[in-house]
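Asks: Just so you know, the sequences run in chain order A and B.
Positions 1 to 436 (the UniProt record's numbering) are the ones given, in order, by the first sequence.
Positions 1 to 436 (the UniProt record's numbering) are the ones given, in order, by the second sequence.
2 protein chains.
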Amino acid sequence: MLRKEKRTDMRDNKIQIALLGLGTVGTGVYKVLESQKEEMLPKLGVELEVKKILVRNLEKAAAKVDRSLLTNNWQEIVEDEEIDIVIEVMGGMEPARTYMLEALRAGKNVVTANKDLIATDGKTLMDAAKEAQRDFFFEASVAGGIPIIRPLKQSLEGNHISEIVGIVNGTTNFILTKMTEENMEFDEALALATKLGYAEADPTADIEGLDAARKIAILASIAFNSRVTFSDVYTEGITKVTARDIRYAGEMGCVIKLVGVARSTQTGIEVSVHPMLIDSRHPLASVNDSYNAVFVHGDAVGDTMFYGRGAGELPTASAVVGDVFDIAKNMLYHCTGHVNCTCYKTIPVKKMDDIVSRYFMRLQVEDRPGVLAGVTSVFGNNNVSIEQFIQKRKEGTLAEIVVITEEVVERNFNDSLKILRTMSMIKEISAVIRVY
Amino acid sequence: MLRKEKRTDMRDNKIQIALLGLGTVGTGVYKVLESQKEEMLPKLGVELEVKKILVRNLEKAAAKVDRSLLTNNWQEIVEDEEIDIVIEVMGGMEPARTYMLEALRAGKNVVTANKDLIATDGKTLMDAAKEAQRDFFFEASVAGGIPIIRPLKQSLEGNHISEIVGIVNGTTNFILTKMTEENMEFDEALALATKLGYAEADPTADIEGLDAARKIAILASIAFNSRVTFSDVYTEGITKVTARDIRYAGEMGCVIKLVGVARSTQTGIEVSVHPMLIDSRHPLASVNDSYNAVFVHGDAVGDTMFYGRGAGELPTASAVVGDVFDIAKNMLYHCTGHVNCTCYKTIPVKKMDDIVSRYFMRLQVEDRPGVLAGVTSVFGNNNVSIEQFIQKRKEGTLAEIVVITEEVVERNFNDSLKILRTMSMIKEISAVIRVY
């Protein structure tokens, strides 16, 4: 049995922290640590103190915290042997990645909220943490304040997880909620989200599903014990979803949500982000506004869901500080590094073409005999079974129809789509959305 | 800095387990451990093996597992130095309590699903675990498979938790769901629950709220860092709830749920179990059938909710095995005992009389002038403000009215009730239910 090398004892029963970044999350972390000052000693058996804060602009930061805490020199932090925990909340790939690697190699424990980095290069960081026998925690990188990484890594560890479906982007959930509840179109709802501060000036990463893709990659890696990276995730955003699609979904007893879906199947891992029709009675259906939720199915636990704020200063800080407190306890017991990378398998990620899905499709077709037969024969020739075929309305010489497929192989469905697009009787394929 | 005494090394890189009890949960635990056999070594770095199972009836148990595992002699287990983890799933107070204390004192780690014991005498067990520097985990004691104790103790530790509202009893949630969705009366829904195996032969502990009271006591203790025991919890069951109350609640945009409520206030802890009207848009409102959910509000994280199966063979086993795997990792890193009792405060539990609530009340009164004035003056004289006063229907000489109060001190409300009960113009007080 391997005995772990022990870290040096702490000075004055106090653990010193460095904070990298003092933006929204960094400020939140500082506030939450301040608000827990009285609790730390009885709760953890040790006090935690922010010793240094790395910022780019010293003047600007001095308006928020005591000037003496600030530095713009990373070396001052990484070379400070009194600092045992580094909290990275700068975001972005570099220099965050280099700083964290250097911190781990210098024997410091690291907490980060950096989903971009974990979803693309988490392995490098986790390997460095393992090598250094230090903690490397990133609860805040997925779904903000919602405890999901620790529950997956610990509480649900006795399960074979077969499915994760997450509403993990608050911006798009806010937009879709407004489109649903107030019948807004996408552009109007996005403008409102921007005005209220739910969407960034450049909303691409949110509305195109890239942010959600990073989070579902991280969740899939943990749930299936096999590395899934951002580039493995098929991604479709919500820009093409219309108020009419949402209304039709509602008539069918469904809502439309942007979800990250990860499934473990006999032939590999399926992982994707896209809008999806979800039955209104499903627990995810009532997750509205900017709230997030992660639905998990395990062979023992069955269905379970974790709900809460997926972003914001204090919710994200809540997750960061939970990690920091865990590290403090592990340091006291000399067992940092005992919860680490869980990707001990290498399972292939399936091509989207090989995945099985149900589809909702809305078409504008010529309103004349033979058209429906033409459409259905294309599906039939491509092994796509139709569950429902609904004529919604007529306008001039056009009819709007909605098609719901049974479970079909995506390749077959896409082949049908290609042919349908070439048919003159079909004026427009207005929507193609997957169904849960 | 205190260095912890280390346990002796494990034999053959294997951790041996004893299971106490082979009922529903015990069988589930055995199955889940079997299903994880292949995963243990890569996941934990060590294999786990059930070495002994304590049962009362050897013959009966031999139908389920290999006879050689069975014993009816506790000494055989507690004296076996190779056994490092004891899983108690016998239930009840004794001998479970004695066995767990003896196991901890013998240097074994303990996992239990025993809410009765934790809610009444958890302190004794946690003190023994601390003394022995062993892990004592009980995730399965609240809300079955839903990870809630570890998230509260770890992930949300950076919060001051102000409120927990839990639907933590599947039997009563099933009954109320049937009453809501199928307009059943209580007796009919209970009979159905019994028939389907959701209710026990003697359903008292469930329908009177005692089971929920145990769980909310445990959650309150952890959330507020101050011991709350079963006897501190004011408890009201669902036997008096009628289909008509549920229908009226629905008309007001609410559902009725049996909830455990725990709040941390300036003047102490409020903790109670009772039926409650909850707004249909609240995440708890869509928790139906036998599902459980725990809603938590923290100052940093905001609103968060944990949803899943609150009982059953495999969901409960999921929680037990999560605890067992955690212990295995802690053993490997020689840090058992590093997550322990968090009740470092002593906050008084408030008397129910001093709590502030809103109320829904349904009354049958004489249908004549002056009656409403009579009722309202009683409330007015007792500092009870009325938010709504709705006449629902008339039948013969009687009128049915529904009163919704504003937030009122329970003592004042109860004083009003006492007087109303003596008034001849009031034929019946048909329902008194709190409103969230």
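Cβ atoms here follow ideal geometry from the backbone N, Cα and C, with glycine treated the same way.
Would you grab the beta carbon distance between Phe-138(B) and Ala-129(B) for me? Rounded to a whole angstrom, and I think it's under 8 Å.
Replies: In the second sequence, residue 138(B) corresponds to position 138, counting from 1. In the second sequence, residue 129(B) corresponds to position 129, counting from 1. Their Cβ separation, rounded to whole angstroms, is 10 Å, which puts Phe-138(B) and Ala-129(B) out of contact at 8 Å.
Asks: Thinking residue 520(B) and Gly-308(A) are a contact (beta carbons under 8 Å), I'd like their distance in whole angstroms, please.
Replies: Because chain B spans 1 through 436 in this model, residue 520(B) falls outside it and cannot be assessed.
Asks: Between Leu-104(B) and Arg-134(B), how many whole angstroms is the CB-CB distance? I'm expecting something under 8 Å.
Replies: Along the second sequence, read from residue 1 onward, the residue named residue 104(B) stands at position 104. Along the second sequence, read from residue 1 onward, the residue named residue 134(B) stands at position 134. About 6 Å separates the two Cβ atoms, so the contact holds.
Asks: Which word fits Tyr-291(A), buried or exposed, when buried means at least 16 other C-beta atoms lie within 10 angstroms of its C-beta?
Replies: Locating residue 291(A) in the first sequence gives position 291, counting from the first residue. Buried: at least 16 other Cβ atoms inside 10 Å.
Asks: Buried or exposed: which applies to Gly-370(A), given that a residue is buried once 16 or more other Cβ atoms fall within 10 Å of its Cβ?
Replies: One-based indexing of the first sequence puts residue 370(A) at position 370. Exposed, because fewer than 16 other Cβ atoms sit within 10 Å of the Cβ of Gly-370(A).
Asks: If distances are taken between C-alpha atoms only, which option among Lys-178(B), Lys-392(B), Leu-219(B), Val-408(B) comes closest to Thr-401(B)?
Replies: Position 401 of the second sequence holds residue 401(B). It should be pointed out that residue 401(B) corresponds to Ile in this sequence rather than to Thr. For the residues Lys-178(B), Lys-392(B), Leu-219(B), Val-408(B), the minimum Cα distance to Ile-401(B) belongs to Lys-392(B).
Asks: Skipping 5 residues on each side, what residues in its chain have a beta carbon closer than 6 Å to that of Leu-432(B)?
Replies: Locating residue 432(B) in the second sequence gives position 432, where the first residue counts as 1. Sequence check: residue 432(B) is Val here, not Leu. Excluding positions up to five away in sequence, the list reads Met-361.
Asks: Return the Cβ separation of Val-365(B) and Lys-427(B) in integer angstroms, given the expectation that the two are a contact with Cβ distance under 8 Å.
Replies: Within the second sequence, numbered from 1, the residue matching residue 365(B) stands at position 365. Within the second sequence, numbered from 1, the residue matching residue 427(B) stands at position 427. The pair is a contact, with the Cβ atoms about 7 Å apart (cut-off 8 Å).
Asks: Looking at the structure shown, is Phe-138(A) part of a helix, part of a strand, or coil, going by DSSP?
Replies: Taking the first residue of the first sequence as 1, we reach residue 138(A) at position 138. Coil at Phe-138(A), not helix or strand.
Asks: Chain B beta carbons: is any one of them nearer than 8 Å to that of Val-32(A)?
Replies: Stepping through the first sequence from its first residue, residue 32(A) is reached at position 32. So yes, Val-32(A) belongs to the interface.
Asks: To the nearest angstrom, report how far apart Ala-61(A) and Leu-22(A) are at their CA atoms.
Replies: In the first sequence, counting from the first residue as 1, residue 61(A) sits at position 61. In the first sequence, counting from the first residue as 1, residue 22(A) sits at position 22. If you take the alpha carbons of Ala-61(A) and Leu-22(A), they lie about 7 Å apart.
Asks: DSSP state of Asn-173(A), grouped into three classes?
Replies: Here residue 173(A) refers to the residue found at position 173 of the first sequence. Helix, per DSSP.
Asks: What residues of chain B sit near residue 443(A), judged by a beta carbon separation below 7 Å?
Replies: Residue 443(A) lies beyond the range of chain A shown here (1 to 436); nothing can be said about it.
Asks: On the three-pair Cβ rule with 8 Å, is the stretch 165 to 181 of chain A touching the stretch 334 to 344 of chain B?
Replies: no
Asks: Could you confirm whether any beta carbon from chain A is found closer than 8 Å to the beta carbon of Ala-113(B)?
Replies: To locate residue 113(B), count along the second sequence from 1; it is residue 113. It does not; no Cβ of chain A falls within 8 Å.
Asks: Gln-266(A) touches chain B at which residues, Cβ-Cβ below 8 Å?
Replies: Reading the first sequence from its first residue, position 266 is the one you call residue 266(A). The premise fails here: Gln-266(A) is roughly 16 Å from chain B at the closest Cβ pair, so nothing lies under 8 Å.
Asks: Under the rule that 16 or more other beta-carbon atoms within 10 Å means buried, what is Asn-159(A), buried or exposed?
Replies: Numbered from 1 along the first sequence, position 159 holds the residue referred to as residue 159(A). With 16 or more Cβ atoms within 10 Å of its Cβ, Asn-159(A) is classed as buried.
Asks: Am I right that Ala-328(A) and Leu-48(A) are in contact with their C-beta atoms under 8 Å? What's the rounded C-beta distance?
Replies: Walking along the first sequence from the start, residue 328(A) turns up at place 328. Walking along the first sequence from the start, residue 48(A) turns up at place 48. Sure, about 6 Å apart at Cβ, within 8 Å.
Asks: So who's on the other strand from Lys-394(B), going by DSSP bridges?
Replies: As a working mapping, residue 394(B) is identified with position 394 in the second sequence. Answer is Ala-399(B), bridged to Lys-394(B).
Asks: Any chance you could list the beta strand (DSSP E) runs of at least 3 consecutive residues sitting entirely within the stretch 86 to 126 of chain A, in chain order?
Replies: 109 to 112
Asks: Report the residues of the stretch 317 to 335 of chain B with a CB closer than 9 Å to any CB of chain A, ordered along the chain.
Replies: Ala-317, Ser-318, Ala-319, Val-320, Val-321, Gly-322, Asp-323, Val-324, Phe-325, Asp-326, Lys-329, Asn-330, Leu-332, Tyr-333, His-334, Cys-335
Asks: So what does Cys-254(A) bridge to, in DSSP terms?
Replies: Residue mapping note: residue 254(A) aligns to position 254 of the first sequence, counting from 1. Per DSSP, Asp-279(A).
Asks: To the nearest angstrom, how far is the alpha carbon of Lys-4(B) from that of Gly-107(A)?
Replies: Within the second sequence, numbered from 1, the residue matching residue 4(B) stands at position 4. Within the first sequence, numbered from 1, the residue matching residue 107(A) stands at position 107. With a pLDDT of only 38 at Lys-4(B), under 50, the local geometry of the prediction cannot be trusted, and the value read off the model is given with reservation. Rounded to whole angstroms, Lys-4(B) to Gly-107(A) spans 21 Å at the Cα level.
Asks: Strictly under 8 Å for the Cβ-Cβ distance: is Glu-47(B) near chain A by that measure?
Replies: Working through the second sequence from its first residue, we reach residue 47(B) at position 47. For Glu-47(B), the answer is no, since every Cβ of chain A falls outside 8 Å of its Cβ.
Asks: Quick check on DSSP: helix, strand or coil for Glu-208(A)?
Replies: Working through the first sequence from its first residue, we reach residue 208(A) at position 208. Glu-208(A): coil per DSSP, three-state reduction.
Asks: Taking the C-alpha atoms as reference points, what is the distance between Arg-263(A) and Ile-164(A)?
Replies: Counting from one through the first sequence, the residue named residue 263(A) turns up at place 263. Counting from one through the first sequence, the residue named residue 164(A) turns up at place 164. If I take the Cα positions, the gap works out to 6 Å.
Asks: For Tyr-198(A), does the three-state DSSP call read helix, strand or coil?
Replies: Working through the first sequence from its first residue, we reach residue 198(A) at position 198. Coil, per DSSP.
Asks: Assuming Ile-238(B) and Ile-207(B) are in contact, meaning their beta carbons sit under 8 Å apart, how far apart are those beta carbons, in whole angstroms?
Replies: As a first step, residue 238(B) is located in the second sequence; it is residue number 238 there, counting from the start. As a first step, residue 207(B) is located in the second sequence; it is residue number 207 there, counting from the start. Yes, they are in contact, since the Cβ atoms of Ile-238(B) and Ile-207(B) sit about 6 Å apart, within 8 Å.
Asks: Among all the DSSP beta bridges, which residues are the ones paired with Leu-70(B)?
Replies: Along the second sequence, read from residue 1 onward, the residue named residue 70(B) stands at position 70. Ile-53(B), per the DSSP bridge assignment.
Asks: Check whether the Cβ of Val-228(B) lies closer than 8 Å to any Cβ atom in chain A.
Replies: Residue mapping note: residue 228(B) aligns to position 228 of the second sequence, counting from 1. Judged by the 8 Å Cβ criterion, Val-228(B) is not in contact with chain A.
Asks: Cutting at 7 Å between CB atoms, please list the residues of its own chain near Lys-6(B), excluding the five before and the five after it.
Replies: As a position in the second sequence, residue 6(B) is number 6, starting the count at 1. Residue confidence for Lys-6(B) is low, a pLDDT of 41 falling below 50, so the modelled location carries little weight and cannot support an answer.
Asks: Measuring alpha carbon to alpha carbon, tell me which residue in Glu-102(A), Arg-97(A), Ala-63(A) is nearest Glu-76(A).
Replies: Counting from one through the first sequence, the residue named residue 76(A) turns up at place 76. Cα-wise, what sits closest to Glu-76(A) is Glu-102(A).
Asks: Any idea which residues DSSP pairs Ile-426(A) with across the strands?
Replies: Here residue 426(A) refers to the residue found at position 426 when the first sequence is read from its first residue. Paired residue(s): Val-365(A).
Asks: Inspect the beta-carbon positions of Val-89(A) and Leu-332(A) and report whether they are closer than 8 Å.
Replies: For the purposes of this step, residue 89(A) is identified with residue 89 of the first sequence, where counting begins at 1. For the purposes of this step, residue 332(A) is identified with residue 332 of the first sequence, where counting begins at 1. Going by C-beta atoms, Val-89(A) is not nearer than 8 Å to Leu-332(A).
Asks: Between Pro-203(B) and chain A, is any beta-carbon pair separated by less than 8 Å?
Replies: Within the second sequence, residue 203(B) is the residue found at index 203, counting from 1. So no, Pro-203(B) is outside the interface.
Asks: Of all the options Phe-224(B), Glu-236(B), Val-320(B), Lys-52(B), which has the alpha carbon lying nearest to the alpha carbon of Lys-153(B)?
Replies: Indexing the second sequence from 1 puts residue 153(B) at position 153. Taking only the C-alpha atoms, the option nearest Lys-153(B) is Phe-224(B).
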